[in-house]
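Quick note, the sequence shown lines up with residues 22 to 266 if you use this note's numbering.
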Amino acid sequence: MTLRPSSERGQAQLTWLDSRHSFSFGDYYDPRHMGVSNLRVINDDRIAPGGGFPMHGHQDMEIVTYVLAGALQHRDSMGNGSVIRPGEVQHMSAGRGVRHSEYNADAAAPVHLLQIWLTPNRRGGEPDYHQRQFSTDERRNRLALLVSPDGREGSIPTHQDALLYATLLCAGSSVAHPLIAGREAYVHLATGRALVNALELEAGDGVHLVAEEAVRISGSGPDEAQVLLFDLPGSRAPGDAAPRA
């Protein structure tokens with residue numbers, strides 16, 4: 022297991038944005054942290070009221086947005102316009118090209134979100150959009166499958182061999198996920214405290230697990246832990262450039 026401490030992540034600080042980068046992104050570049058397998062980006066963003074990203078373009082990337090607190094206003098060149106709230110998962114397959122904007126939808130409170138990028142298994146496809154609510158009951162003390170390559174178990178389908186699970190764990194509660202031979206895992210602790218295979222994690226920490234038979238996660242703090250678990254194929258070679266915002 023390899024720990025990725027929250028305090029060592031990259032950072033982008035603007036008047037309206039506080040963003041922490043688990044992997045190289047934008048002006049933050051570290052060849053030791055270029056992603057894990059097809060997981061390329063985990064950005065932990067806090068956007069102030071009135072702030073946001075104006076219309077900008079992406080292509081050939083599977084983009085997953087998971088809101089932890091507040092509300093995020095989304096608009097895109099496919100004609101989608103929506104507000105994403107806690108428990109909702111948005112997936113945008115950029116394909117051959119799409120433009121979108123993201124703004125804090127609340128005039129008084131910040132929005133806290135994770136934006137996740139997966140490299141696609143094919144390039145130049147048709148852009149696509151999905152949004153789905155995953156209830157607290159679906160996630161509390163169990164692993165809810167959010168995205169998958171085939172939409173199994175009511176998850177959102179993506180163009181990549183990656184399984185993304187989420188769970189909410191109070192102290193003493195635990196979940197376990199077996200890993201098939203040749204697969205590996207990355208766990209990101211969004212909030213709270215948790216044990217991952219007996220390794221203590223604090224909010225913002227991540228851990229990469231290779232050659233483990235299973236991932237076991239337990240809540241270990243007074244506040245509920247929000248955890249994301251990625252089940253991924255064996256790692257690719259590191260890339261040579263950091264993706265841009």
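In this text, a Cβ means the ideal position worked out from N, Cα and C, and glycines have one as well.
- DSSP, reduced to helix, strand and coil, places Asp-252 within a strand of the structure shown.
- When C-alpha distances from Arg-25 are compared across Ser-45, Cys-191, Ala-33, the shortest belongs to Ser-45.
- Counting along the chain, the unbroken beta strand (DSSP E) around Arg-96 starts and ends at 93 to 97.
- DSSP, read as helix, strand or coil, puts Arg-173 in helix.
- Asp-158 sits in a helix when the DSSP states are folded into three classes.
- Partner residues in the beta bridge of Ala-192, as assigned by DSSP, are Gly-240.
- Note that the C-beta distance between Leu-189 and Arg-144 is not below 8 Å.
- In this structure, Ala-183 and Asn-101 do not form a Cβ contact; the two beta carbons are roughly 22 Å apart against a cut-off of 8 Å.
- Per DSSP, the beta bridge partners of Arg-204 are Pro-254.
- When C-beta atoms of the stretch 193 to 207 are compared with those of the stretch 169 to 178, fewer than three pairs fall below 8 Å, so the two segments do not count as touching.
- The DSSP-derived three-state label of Ser-28 is helix.
- Residue Ser-195 holds the alpha-carbon nearest to the alpha-carbon of Ala-246 among Gly-116, Asn-125, Val-231, Ser-195.
- Per DSSP, Trp-37 is not a residue of any beta strand (DSSP E), being assigned neither H nor E.
- The C-alpha of Val-62 is placed about 17 Å away from the C-alpha of Ser-169.
- Checking the DSSP bridge columns, you'll see Ala-183 has no partner listed.
- Per the coordinates, the alpha-carbon of Ile-68 lies some 7 Å from the alpha-carbon of Asp-39.
- Exposure of Pro-52 is indicated by the presence of fewer than 16 other C-beta atoms within 10 angstroms of its C-beta.
- Only buried fits Thr-140, as 16 or more other CB atoms lie within 10 angstroms of its CB.
- Bridge partners of Leu-164 according to DSSP: none are assigned.
- Under DSSP, Glu-83 forms a beta bridge with Ser-114, Leu-139.
- The shortest CA-to-CA distance from Pro-75 to any of Asn-162, Arg-30, Ala-219, Asn-125 is the one to Asn-125.
- Taking every protein chain shown into account, the CB of His-112 has 16 or more other CB atoms within 10 angstroms, so this residue is buried.
- Rounded to whole angstroms, the gap between the alpha carbons of Gly-146 and Met-82 is 10 Å.
- Across the structure, Ala-128 and Val-88 are spaced so that their CA atoms are roughly 17 Å apart.
- Taking all protein chains shown into account, Thr-86 has 16 or more neighbouring C-beta atoms within 10 Å of its C-beta and is therefore buried.
- Comparing alpha carbon positions, the residue from Val-57, Asp-65, Ser-241 closest to Asn-162 is Ser-241.
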